[in-house]
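Trainee: I'd like to ask you about the structure that follows.
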Amino acid sequence: MLQRTSQEIRPLTTAHLAQTMTLLQMTIDEIKQEIESELSSNPALELRDERRCPTCGRLLQERENCPVCSIPKESNPEDPVVFISPKDDFTPHSDQQEDDYLDGHDYSPITEDLPTYVLKQILPDLAEEDRQYAVFLLANLDDDGFLTVDPLELAQYFHVPLAKINGIRRIIQKADPLGVGSLNPREALQIQIEILSETQAVPALATLIVNEAMDLLSKRQFNEIAHRYNCSVADVHLAVSFISENLNPFPGRSYWGDVRSPSVSTTQVYHRPDIIINYLNDDPAQPLIVEIIMPLGGTLRVNPLFRKAVKSADEEQKDIWKEDLERASLFVKCLQQRNHTMQRLMFHLVKLQRDFIVKGPKYIEPITRVQLSVELDVHESTISRAVANKTVQLPTKQIIPLASFFDRSLNIRTIMREIISSETRPLSDAKLVKLLEARGHFVARRTVAKYRAMEGILPAHLRRMIT
DNA sequence: CTATGGCACGGATT
DNA sequence: AATCCGTGCCATAG
Numbered sequence: 020m021l022q023r024t025s026q027e028i029r030p031l032t033t034a035h036l037a038q039t040m041t042l043l044q045m046t047i048d049e050i051k052q053e054i055e056s057e058l059s060s061n062p063a064l065e066l067r068d069e070r071r072c073p074t075c076g077r078l079l080q081e082r083e084n085c086p087v088c089s090i091p092k093e094s095n096p097e098d099p100v101v102f103i104s105p106k107d108d109f110t111p112h113s114d115q116q117e118d119d120y121l122d123g124h125d126y127s128p129i130t131e132d133l134p135t136y137v138l139k140q141i142l143p144d145l146a147e148e149d150r151q152y153a154v155f156l157l158a159n160l161d162d163d164g165f166l167t168v169d170p171l172e173l174a175q176y177f178h179v180p181l182a183k184i185n186g187i188r189r190i191i192q193k194a195d196p197l198g199v200g201s202l203n204p205r206e207a208l209q210i211q212i213e214i215l216s217e218t219q220a221v222p223a224l225a226t227l228i229v230n231e232a233m234d235l236l237s238k239r240q241f242n243e244i245a246h247r248y249n250c251s252v253a254d255v256h257l258a259v260s261f262i263s264e265n266l267n268p269f270p271g272r273s274y275w276g277d278v279r280s281p282s283v284s285t286t287q288v289y290h291r292p293d294i295i296i297n298y299l300n301d302d303p304a305q306p307l308i309v310e311i312i313m314p315l316g317g318t319l320r321v322n323p324l325f326r327k328a329v330k331s332a333d334e335e336q337k338d339i340w341k342e343d344l345e346r347a348s349l350f351v352k353c354l355q356q357r358n359h360t361m362q363r364l365m366f367h368l369v370k371l372q373r374d375f376i377v378k379g380p381k382y383i384e385p386i387t388r389v390q391l392s393v394e395l396d397v398h399e400s401t402i403s404r405a406v407a408n409k410t411v412q413l414p415t416k417q418i419i420p421l422a423s424f425f426d427r428s429l430n431i432r433t434i435m436r437e438i439i440s441s442e443t444r445p446l447s448d449a450k451l452v453k454l455l456e457a458r459g460h461f462v463a464r465r466t467v468a469k470y471r472a473m474e475g476i477l478p479a480h481l482r483r484m485i486t
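Note that the first sequence covers residues 20 to 486 in the working numbering.
Below is the structure:
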C-alpha cells in the first residue's frame, strides 16, 4: 500500500479546495514560480534546509526515512515506489550530458576543444579589436554549445553596444558547428534554417514552428501545432522530421559526436519533466521508482518562530501577521494535498501501465480517466487537471506527456506503424484494418486513415519503399 | 470500382 | 459549455 503522511489531508474550506485544484494542474515551472512568489511575499513561510538520506544521498521531503532505501521487504515488486522528490537545481539532460561528454571526449577524432576549433574558423573574419570579445564569448559555452552569459551584460561590462556583441555572435553562429554560441535551441535552429535555405528548400512550416511554436514542439504536441497553423498533423510530422533530420538543437553535441540513436533523438525534449520514472538502480528486475519533482531545495513549512512571534506581538501587528500566518498554512496544506493526490494518482497509474512503461507503447492499457477517478475516489475532473500539461521521463529517457498514459489509440498506432514499416508493398487502409483485426484490434477504416495522418504516414499510393 | 479525404454526429474529455 | 476523438456517409481522384 501507499504510505500515508502522518494524518489524512482533507479539504477544509472552499478556498483550500480551489487552491489545491489550481496547484494540481500546474506544471513544475509554474509551481516553482508560485512557491517563489509566495515565499517572498509572506514572512510566515519558511524553506527549511534540505535534508538528505544518509544512505543514498537523495534529497528528502519532510518524511523521516528515505522512500527508496526503506522499501519494505515484503512489498510487491510489481508495486512502484512513488514519492515527492525535491530537486531545485535539476538539469534535464545531466545524465546524457555526462554520457555524451565521456563518449565524445574519449573517442572524438578532434583533439582541440570546441572554442579553439571555432575561433580558428572565424579569426579571418574578425577585426583586430573584436577578437577579444569573440574569445570571451567562446570561453563561455556549455557542453551543448550554448552561451552561458547574457550578451547584454557582456555589452555593458565591456562598454560596447549590444549590437556589436550580437554581430560577433552571428559570425560565431555561422561557423561549424552551425548555431554554436546561440542562447537556446530555438536560436540555434533559426540560424541553421537560415543557412540551409541558401542551398536548399526549407519547408515553410518548419520555419514557422521553429520561430513561433518551440514550446509546442518540445512537448511534441503536434495536434496543437496543426491546429494553430490550420494544417494537417501529417504536415506537421513532415516538418518535424525535416527538423530532426537536418537540424541540431544542440550544436555542441554534434561536435562531440552524436551518440543518441536516431529514434531517441526525435523524442528529445528541451524542457524538464514534471515526473521521472526509473528502475531502482537501473535494474529492470527492481521496482519502478517514480519521482514527482518539487522545484525546491528543502521543505516548505510555516515558520514556527513566526508563529510564536505573533502571539507576543502588539494588537495592530497581530492582525496583519495573523493573516500572513493563515495564508501560509493554507498554502502549505494545499501543496501537501496536491502532492498527496499526485502521489496516489501516479501510484495507480504506474501500476496499471507498467507494461507500457517497461515494454513500450504497444502495451499501453487503454484506460480512461473516469476508471481511474473511481478507483481513487476523486472527481474525474481532478484527474484531468492533474494530468494536463505535465510531462514524464521514462526509464528510456524519453519525455512524453503524462496524458499519453490515457491515449486509447497509442497501442494501435504503434502496431500500425510496425506493420507499415515491415510491409513489402504499400498496404491500403482497408488492408491495414484486416491486419489489425488479426492482432485483435478492431477499428474502422476511416480511423486507420486518421491514425496514418497522426503518424505522418503518407497514403498507400504515395508511399515508396524506403530502404 | 477502389482508395482516401472532408464533414458531421455522438460520446468522452476538459 | 466547449472541445476532442472515433466513426459513418459521401464526394472526388485515379
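The C-beta atom is built at its ideal place from N, Cα and C for all residues, glycine as well. These numbers come from a predicted model, not from an experiment.
Considering only their Cβ atoms, is the gap separating F165 from P222 smaller than 7 angstroms?
Mentor: no
Trainee: So the candidates are D426, R346, E264 and E399; which of them puts its Cα closest to the Cα of I383?
Mentor: D426
Trainee: Which residues mark the beginning and the end of the alpha helix (DSSP H) in which Q192 is found?
Mentor: Q192 -> alpha helix (DSSP H) spans L181 to Q192.
Trainee: Would you check if the stretch 400-419 and the stretch 453-467 touch, i.e. whether three or more CB-CB distances between them fall below 8 angstroms?
Mentor: no
Trainee: In this structure, how does DSSP classify Y298 when only helix, strand and coil are distinguished?
Mentor: strand
Trainee: In or out: I339 buried (at least 16 other Cβ within 10 Å) or exposed?
Mentor: exposed
Trainee: Please say whether P306 and P91 have beta carbons closer to each other than 7 angstroms?
Mentor: Using a Cβ distance threshold of 7 angstroms, P91 and P306 do not count as a contacting pair.
Trainee: Where DSSP assigns a beta bridge to T318, which residues make up the other side?
Mentor: R67
Trainee: Among the candidates Y152, N203, Y136 and L454, whose CA atom is the shortest distance from the CA of T167?
Mentor: Per the Cα distances, N203.
Trainee: What does F269 pair with, by DSSP beta-bridge criteria?
Mentor: According to the DSSP secondary-structure assignment, F269 is paired through a beta bridge with no residue.
Trainee: Just to confirm my understanding: we take I190, look at its own chain, exclude 5 residues before and 5 after, and list those with CB closer than 8 angstroms. What are they?
Mentor: I141, D144, L145 and A153
Trainee: Could you tell me whether the Cβ atoms of R357 and L42 are closer together than 7 angstroms?
Mentor: yes
Trainee: If the criterion is Cβ atoms closer than 7 angstroms, does the pair I438 and L454 meet it?
Mentor: yes
Trainee: Are A472 and V252 closer than 7 angstroms when you measure CB to CB?
Mentor: yes
Trainee: On the criterion of 16 or more Cβ atoms from any shown chain inside 10 Å, does H398 qualify as buried, or is it exposed?
Mentor: Exposed, because fewer than 16 other Cβ atoms sit within 10 Å of the Cβ of H398.
Trainee: I need the boundaries of the alpha helix (DSSP H) containing E335, first residue and last residue.
Mentor: E334 to L371
Trainee: Since T410 and P314 are thought to touch, with beta carbons under 8 angstroms apart, how far apart are those beta carbons, to the nearest angstrom?
Mentor: Going by Cβ atoms, the distance from T410 to P314 rounds to 14 angstroms, so no, they are not a contact pair.
Trainee: Please list, in chain order, all residues of the same chain as T433 whose beta carbon is under 6 angstroms from its beta carbon, the five residues on each side excluded.
Mentor: For T433, where only same-chain residues beyond five positions count, the Cβ hits under 6 angstroms are P380 and K381.
Trainee: Would the beta-carbon of I184 fall within 7 angstroms of that of A174?
Mentor: yes
Trainee: Where in the stretch 384-409 do unbroken runs of the alpha helix (DSSP H), each at least 4 residues long, occur, reported from the N-terminal end onward?
Mentor: 388-395 and 399-406
Trainee: Among A479, R436, S428 and Q355, which has the Cα closest to the Cα of T466?
Mentor: For the residues A479, R436, S428 and Q355, the minimum Cα distance to T466 belongs to S428.
Trainee: Enumerate in chain order the residues of its own chain whose CB-to-CB distance from A468 is below 7 angstroms, with the five nearest sequence positions on each side excluded.
Mentor: D448
Trainee: In three-state terms, what does DSSP make of Q52?
Mentor: helix
Trainee: Cβ atoms of L319 and L66: under 7 angstroms apart, would you say?
Mentor: yes
Trainee: Got a sec? Which residues, its chain only, sit under 7 angstroms from L171 by beta carbon, not counting five neighbours each side?
Mentor: L181
Trainee: Which one or two residues does DSSP pair with F165 in a beta bridge?
Mentor: S201
Trainee: Please name the residue, chosen from Q52, N265, I47 and E335, that lies closest to S216 on a Cα-to-Cα basis.
Mentor: N265
Trainee: For the beta strand (DSSP E) containing M313, list its first residue and its last residue.
Mentor: L307 to M313
Trainee: Just the Cα atoms here: how many angstroms apart are H480 and P445?
Mentor: Between the alpha carbons of H480 and P445 lies a gap of roughly 7 angstroms.
Trainee: Out of Q240, D343 and I187, state which residue places its alpha-carbon closest to the alpha-carbon of D149.
Mentor: I187
Trainee: Please state whether the Cβ-Cβ distance between D15 and G475 is less than 7 angstroms.
Mentor: This structure does not reach residue 15, given that the chain is present from 20 up to 486, and the question cannot be answered.
Trainee: Tell me the rounded alpha-carbon separation between L354 and T39.
Mentor: Cα to Cα, L354 sits roughly 7 angstroms from T39.
Trainee: Just to confirm, does Q175 get its C-beta within under 6 angstroms of one of the non-hydrogen atoms of the ligand ZN?
Mentor: The ligand ZN is not among the ligands present in this structure, which contains no ligands whatsoever.
Trainee: For the candidate residues Q372, Q362 and L344, whose alpha-carbon lies nearest to that of E57?
Mentor: L344
Trainee: If you run the structure through DSSP and keep just helix, strand and coil, what is T130?
Mentor: Unreliable positioning characterises T130 in this predicted model, as indicated by a pLDDT of 43, which lies under 50. A coordinate reading is not provided.
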